[in-house]
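K.L.:
Residue numbers (this note's numbering): 262 to 336.
Shown next, in the form of structure tokens:
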């Protein structure tokens with residue numbers, strides 16, 4: 262019987278991280294924890310599994326695994 266190796270990543274998560282990296286510095290809209298966040302994606306820390314989104318007044322640190330959807334806001 263072949264031994265199975267547990268791989269700790271998914272294609273979807275890898276694509277999400279790449280999309281977030283590509284969106285760094287841009288205006289984004291993110292849904293996480295059932296809450297809508299809108300602002301500039303200013304930091305992505307793939308090792309810690311978090312992103313930072315900021316607007317004029319607030320700053321949110323969001324766990325990447327909690328992101329349900331995100332999109333880049335086109336001007």
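We put the CB at the ideal spot given by N, CA and C, even for glycine.
So, for residue 264: in the same chain, excluding its five sequence neighbours on each side, which residues have a beta-carbon less than 8 Å away from its beta-carbon?
P.N.:
Reliability of the predicted coordinates at residue 264 is poor, the pLDDT of 49 falling under 50, and the value obtained from them is presented with this limitation in mind. Excluding residues within five positions, none has a Cβ falling inside 8 Å.
K.L.:
Grouping DSSP H, G and I as helix and E and B as strand, with all else coil, what is residue 280?
P.N.:
Looking at residue 280 - three-state DSSP - the assignment turns out to be helix.
K.L.:
Where DSSP assigns a beta bridge to residue 306, which residues make up the other side?
P.N.:
BP columns for residue 306 point to 311.
K.L.:
Our contact map puts residue 305 next to residue 291 with C-beta atoms below 8 Å; I'd like the distance itself, whole angstroms only.
P.N.:
Their Cβ separation, rounded to whole angstroms, is 12 Å, which puts residue 305 and residue 291 out of contact at 8 Å.
K.L.:
Considering only residues of the same chain and omitting the five flanking positions on each side of residue 303, which have a CB-CB separation below 6 Å?
P.N.:
Closer than 6 Å at the Cβ level, and outside the excluded window around residue 303, lie 313 and 315.
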